[in-house]
Amino acid sequence: MTTVSVVLHAPAWGPQHTTPCQAEPELFFPVSEDGPRSIAQITKAKRLCRGCSRVEDCLQNALDEGHDHGIWGGTTTAERRDIRRRRKTAGAAR
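Just so we're aligned, residue 19 is where the sequence shown starts under this note's numbering, counting upward by one.
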């Protein structure tokens, strides 16, 4: 079993920009993306992301920094892989 230590999920935007993932970071790092407990955890994390004013910045940061684990900007690891793949394909088509 792999253990992931979470110091701070979101980039440091300062105290005036406290985000749900800063208050409850473990929620945003499910053990897997399968199974009823993980799906429920992912659903809750994504719901909190939707209400966050920094969701777009968070997603862009995750894509720029290559974050491979956890919920970032309301997306799962697989969803971010798809976004990267689509961007790469669109860039190659130019």
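Beta carbons are placed, not taken as given, at the ideal position from N, Cα and C, and that holds for glycine.
Query, Result
"Pull up the distance between the alpha-carbon of R65 and that of N79, whole angstroms please.", "19 Å"
"My output table needs one value for V49: the three-state DSSP class, helix, strand or coil.", "coil"
"Is DSSP giving T93 helix, strand or coil here?", "strand"
"Taking the alpha carbon of A41 as the reference point, which residue from C67, T95, R104, T107 has its own alpha carbon closest?", "C67"
"Can you tell me whether S71 is helix, strand or coil according to DSSP?", "coil"
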